[in-house]
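Everything below concerns the one structure shown next.
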Amino acid sequence: MLQTPIRNPDERGFPATLKEYSFRVKTADSPLMRFTRENPEHRVIISLLRGNIREIGERAIYTFLGPRNVSRQFLLGEFTKRHGTSQPLAEAEGYVSVEVSTHLLPTIQGKSPNEVTYEVLGPDAVFLPILVVNGWLHIRVLSANAQGGARFEKFLDIMRNHMQPDAFDVYSVREYKPEARLHEATQDITPRQQEVLEMGYEMGYWDEPRRCNLDDIARHFGVSKAAIHKSLSAGERKVMATFFTDTYGKGKRRAATQMLIEHRSGR
9 MLQTPIRNPD ERGFPATLKE YSFRVKTADS PLMRFTRENP EHRVIISLLR GNIREIGERA
69 IYTFLGPRNV SRQFLLGEFT KRHGTSQPLA EAEGYVSVEV STHLLPTIQG KSPNEVTYEV
129 LGPDAVFLPI LVVNGWLHIR VLSANAQGGA RFEKFLDIMR NHMQPDAFDV YSVREYKPEA
189 RLHEATQDIT PRQQEVLEMG YEMGYWDEPR RCNLDDIARH FGVSKAAIHK SLSAGERKVM
249 ATFFTDTYGK GKRRAATQML IEHRSGR
């Protein structure tokens, strides 16, 4: 077994945290982005695959969430004409999953976003599932690289120089805390509520001053402002109620929920 001697914990040089880099891009000539823009009821989840450390090109599982007949029509039509065939993995009403090994993502100087990201953050960078919705590619990357912050700034310069100003946004650079997802505060939250809460956080809904409003989040998901407000309110209420229950005991849950309702009505 290969062992690396460690003289002193302070001399190891390892980064103290794992960082999550979150941004989004769009381009007019991407068939996948055009498909989600023209079919707002669809979301596409891209799970990048790498057989080995040198395989940095795109090979991925694409899961189309939406009407199956529309997804199949796209895969058998425009996708096949431009990119060749894909390998079917599974399908049912509401989703189609395929594996592809061709470049469907937009390119930057002839390279896909994942290739550029690996070059900047290093080959050990890990892509979380990529979301494609309403014509936007939402990317989240994990990296333990101690120089990741400085390198990410260079990456942003590359993106800004080769993308239109309205085609690239940075959401956040923050510490990745997977253990936070294990907290029971999320147990009662539905997947949709959690998705809306996470996107609202990334887009800056709770920043001071706010970087987005309910209309912005609604456009992102392709639904009404009222639907987003309902999901956010329900999610906030569950998180707050659980927090006060954990902190002050079960008898405070109802009071905490009522306090949040009164606070929101007074905005």
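In the numbering used here, the protein residues as written are 9 to 275. A virtual CB, placed ideally from N, CA and C, is assigned to each residue, including glycine.
Where does residue i sit, in a helix, a strand or coil, going by DSSP?
i	result
Gln81	helix
Gln277	Residue 277 lies beyond the range of the chain shown here (9 to 275); nothing can be said about it.
Pro133	First, the amino acid is wrong: residue 133 is Ala here, not Pro. Looking at Ala133 - three-state DSSP - the assignment turns out to be coil, as it is neither helix nor strand.
Gln172	coil
His50	coil
Ile197	coil
Arg32	strand
Tyr209	helix
Val231	coil
Tyr126	helix
Ser241	helix
Asp177	strand
Lys185	coil
Asp254	Per-residue confidence for Asp254 stands at a pLDDT of 42, beneath the threshold of 50, marking its modelled position as unreliable; no derived number is given.
Thr25	coil
Arg148	strand
Leu40	helix
Glu101	coil
Leu222	helix
Glu86	helix
Glu107	strand
Leu57	coil
Leu139	strand
I need the straight-line Cα distance from residue i to residue j, nearest angstrom please.
i	j	result
Asn77	Val124	34 Å
Arg51	Gln155	33 Å
Ser94	Gly85	12 Å
Gln172	Leu73	28 Å
Pro96	Ala249	44 Å
Ala234	Pro131	42 Å
Leu139	Arg45	13 Å
Glu101	Gln81	14 Å
Arg218	Asn153	30 Å
Thr198	Glu206	12 Å
Ala226	Lys185	27 Å
Pro39	Ala175	16 Å
Glu244	Gly92	45 Å
Val134	Ile166	20 Å
Val231	His146	17 Å
Asn47	Met41	10 Å
Thinking residue i and residue j are a contact (beta carbons under 8 Å), I'd like their distance in whole angstroms, please.
i	j	result
Glu183	Thr25	5 Å
Trp214	Arg32	Not confirmed; about 19 Å, so no contact.
Val181	Gly157	7 Å
Lys238	Asp196	Actually they are not in contact, since the Cβ atoms of Lys238 and Asp196 sit about 16 Å apart, beyond 8 Å.
Pro75	Glu49	7 Å
Ala242	Gln201	6 Å
Ile53	Pro137	5 Å
Anyone know if the C-beta pair for residue i and residue j falls short of 8 Å?
i	j	result
Val178	Leu164	yes
His228	Val128	no
Ala98	Ser105	yes
Ser79	Ile69	no
Arg67	Leu57	yes
Asp8	Met211	Nothing about residue 8 can be read from this structure; the chain reaches only from 9 to 275.
Going by other Cβ atoms of all chains shown within 10 Å of its Cβ, with 16 needed for buried, is residue i buried or exposed?
i	result
Arg90	exposed
Arg168	exposed
Thr88	exposed
Glu28	buried
Thr35	buried
Thr71	buried
Glu161	exposed
Ser30	buried
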